[in-house]
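Converting from the sequence shown to the working numbering requires adding 115 to each position, the first position being numbered 1. We put the CB at the ideal spot given by N, CA and C, even for glycine. These numbers were taken from a predicted model, which means no experiment stands behind them.
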Amino acid sequence: MTQIQFTLNMDKLKDSIMNSNIEAVTKSTIVLILNEYMEKERDEYLNNKPYERGTGSRDYRNGYYTRSLMLEVGKV
């Protein structure tokens, strides 16, 4: 089983919790977790990090754009 480690911006997460309602906190937490997970998944699949070129690379990282996702807690 593949294990993925990622780092969350805890200061940003703590500020969100302290200064907003729980629904907004839930949304921002989901967004942070999903974005970090997808970034690590891209790194693992392409076998390189952003701006890194190597012989073991599967493809190039051409970037990405933001999209919305509708969940029970609302649009994230």
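Residue pairing for residue 186: DSSP places it in a beta bridge opposite 189. Taking C-beta atoms as the reference points, residue 122 and residue 151 count as a pair closer than 9 Å.
Per DSSP, residue 119 lies in no alpha helix (DSSP H) segment and is marked neither H nor E.
In the three-state scheme derived from DSSP, where H, G and I count as helix and E and B as strand, residue 155 is classed as helix. Nearest to residue 118 by C-alpha distance, out of 156, 140, 138, 182, is 156.
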